[in-house]
Amino acid sequence: MTIMPSDLPIDGTGITEGFTDAAAEVFPLFQEVQGLARLGLNVEFTVAPSSIIATITVTPAAASVLPALLTEIDGARPGSLPNGRLVVTGEMFQGTVTLRVLIPEGWVTAEELAVLTGTTTADPSTLL
Numbered sequence: 142m143t144i145m146p147s148d149l150p151i152d153g154t155g156i157t158e159g160f161t162d163a164a165a166e167v168f169p170l171f172q173e174v175q176g177l178a179r180l181g182l183n184v185e186f187t188v189a190p191s192s193i194i195a196t197i198t199v200t201p202a203a204a205s206v207l208p209a210l211l212t213e214i215d216g217a218r219p220g221s222l223p224n225g226r227l228v229v230t231g232e233m234f235q236g237t238v239t240l241r242v243l244i245p246e247g248w249v250t251a252e253e254l255a256v257l258t259g260t261t262t263a264d265p266s267t268l269l
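According to this note's numbering, the sequence shown holds residues 142 to 269 in order.
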């Protein structure tokens, strides 16, 4: 990715072509995201000049996919949002995409989430 200095003139035609190319690339992604939504995973991408953040919201109906999803996240760290909702943060694709996975309310406790993400160990007989 090239970041232009702000003192260069803006080429309207180039920007339009760039937007058209980006929009064309989004449609296959849209189809994949729609497929995930049907399975109970809502995905939101935020793209900025130097970052990509993917927020994955897991519905209670899709909670069973969480263990497999969490194993794919590098540096998974459990935490909670200000409203108390559990969330896992981490990275994918060699750290180029930051992930936030929102956990279905009441599906696991904070201790269970720490075990799922490998950040702690516990007696498995007391979990899940």
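Each residue gets a CB set at the ideal place from its N, CA and C atoms; glycine is no exception. A quick note: this is a predicted structure, and the numbers were derived from the prediction, not measured.
Is it right to say residue 278 is buried, meaning 16 or more other beta carbons lie within 10 angstroms of its own, or is it exposed?
-> This structure cannot settle anything about residue 278, because the visible part of the chain is limited to 142 through 269.
For residue 127, three-class secondary structure by DSSP | Any answer about residue 127 is impossible in this case: the structure gives the chain only from 142 up to 269.
Anticipated Cβ contact below 8 Å, residue 101 with residue 196, distance rounded | With the chain covering only 142 through 269, there is no way to say anything about residue 101.
One or two residues paired with residue 230 in a DSSP bridge | On the sequence shown, residue 230 is found 89 positions in, with the first residue counted as 1. Note: residue 230 sits in a beta bridge opposite 218 and 241.
Leaving out five residues before and five after residue 208 in sequence, what residues of the same chain have Cβ atoms less than 7 Å from its Cβ?
-> Within the sequence shown, residue 208 is the residue found at index 67, counting from 1. Contacts found: 257.
Report all residues from its chain with a CB closer than 6 Å to the CB of residue 249; omit the five preceding and five following residues, and keep chain order.
-> In the sequence shown, the residue the question calls residue 249 occupies position 108. There are no such residues.
With distances taken Cα to Cα, identify the nearest neighbour of residue 230 among 237, 220 and 236.
-> Sequence index remark: in the sequence shown, residue 230 carries index 89 (1-based). It is 220.
Would residue 198 pass as a contact of residue 243 if the rule is Cβ separation under 7 Å?
-> As a position in the sequence shown, residue 198 is number 57, starting the count at 1. As a position in the sequence shown, residue 243 is number 102, starting the count at 1. Cβ atoms of residue 198 and residue 243: closer than 7 Å.
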